[in-house]
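For the sequence shown, numbering that gives the first Met the number 0 gives the first residue as 0, with consecutive numbering after it. The beta carbon of each residue, even a glycine, is placed where N, CA and C say it ideally should be. Keep in mind that this is a model prediction, so the values were computed, not measured.
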Amino acid sequence: MTASTIKLDSTAEDHHIARMAAVALGLAVLENAIPSPLPGVKPGLANIVTLIVLARYGWRVAAWVSLLRVVAGSLLFGNFLAPGFFLSLSGAALSLIVLAAAQHLPSRWFGPVSHSIYAAFAHIAGQMAVVYLWLIPHAGIAYLIPIFAGAALVFGTVNGLIAARFMNLKSQPP
0 MTASTIKLDS TAEDHHIARM AAVALGLAVL ENAIPSPLPG VKPGLANIVT
50 LIVLARYGWR VAAWVSLLRV VAGSLLFGNF LAPGFFLSLS GAALSLIVLA
100 AAQHLPSRWF GPVSHSIYAA FAHIAGQMAV VYLWLIPHAG IAYLIPIFAG
150 AALVFGTVNG LIAARFMNLK SQPP
């Protein structure tokens with residue numbers, strides 16, 4: 000009996016996507032080490048990478064990076080197919096949908112900061128929808144919306160400013 004191997008062909012773009020997803024995953028690991036004052040309130044550091052990738056390489060690559068980060072992170076943290084995975088996936092999916100629409104806004108008035116804020120609100124909306132429709136079907140969760148919305152505004156703004164700063168550093172000559 001001979002052992003057979005399967006060889007997958009990969010492109011330079013595949014390698015680039017994997018590197019960006021690894022950076023996003025590294026930020027997610029760092030984020031998990033930061034204590035959270037409330038369950039579900041996280042700074043979303045990995046979204047900085049998604050914003051930069053979106054601006055530099057487009058929505059398709061950003062979607063791959065984001066979804067790979069969600070799946071790899073859930074495998075790494077041991078919550079694949081657990082409720083936390085679906086919360087993360089729903090937030091990422093709705094964020095990506097909103098970012099797809101936000102890309103078409105005039106860049107003169109909308110950029111990384113506004114995109115980050117929209118994505119943060121979409122992320123929270125996706126998670127709250129899953130919580131309400133699946134985990135806690137009770138109207139009382141609506142009381143948490145102002146807290147999560149405030150966190151989304153703060154962290155979305157900060158992450159957008161960081162992403163904009165990195166994009167400006169990259170575009171300036173040394």
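Legend entry - Contact set for Met19: own chain, Cβ-Cβ below 7 Å, skip 5 residues either direction: Val48, Val52 and Val64
Legend entry - Nearest-angstrom Cα separation, counted from Val97 out to Ser113: 11 Å
Inset, instruction - Determine the extent of the alpha helix (DSSP H) in which Leu132 is found, giving its start and end residues. - result: No alpha helix (DSSP H) holds Leu132; DSSP gives it neither H nor E.
Inset, instruction - Please determine, among Tyr117, Ala45, Leu134 and Ser35, the residue with the shortest C-alpha to C-alpha distance to Val22. - result: Ala45
Legend entry - N- and C-terminal bounds of the alpha helix (DSSP H) containing Tyr56: Ala45 to Tyr56
Legend entry - Enclosing alpha helix (DSSP H) for Lys87 [first to last residue]: As written in the sequence, residue 87 is Ser, which differs from the Lys given in the question. Unbroken alpha helix (DSSP H) run through Ser87: Pro82 to Ala101.
Inset, instruction - Kindly give me the distance between the Cβ atoms of Pro105 and Gly159, rounded to whole angstroms, as I take these residues to be in contact under 8 Å. - result: Not a contact, Cβ separation roughly 17 Å.
Inset, instruction - Check Pro34 in the structure and name its three-state DSSP category. - result: coil
Inset, instruction - Tell me whether Arg164 is buried or exposed, calling it buried when 16 or more other Cβ atoms sit within 10 Å of its Cβ. - result: exposed
Inset, instruction - Return the residue from the list Trp58, Arg59 and Gly25 that minimises the CA-CA distance to Gly178. - result: Residue 178 is absent from the structure shown; the chain starts at 0 and stops at 173.
Inset, instruction - Using alpha carbons as the reference points, say which of Ala61, Ser94 and Arg55 lies closest to Gly125. - result: Ser94
Inset, instruction - Compute the distance between the beta-carbons of Phe120 and Gly155, then report whether it is under 8 Å. - result: yes
Legend entry - Assigned exposure category for Tyr117 - 16 Cβ within 10 Å defines buried: buried
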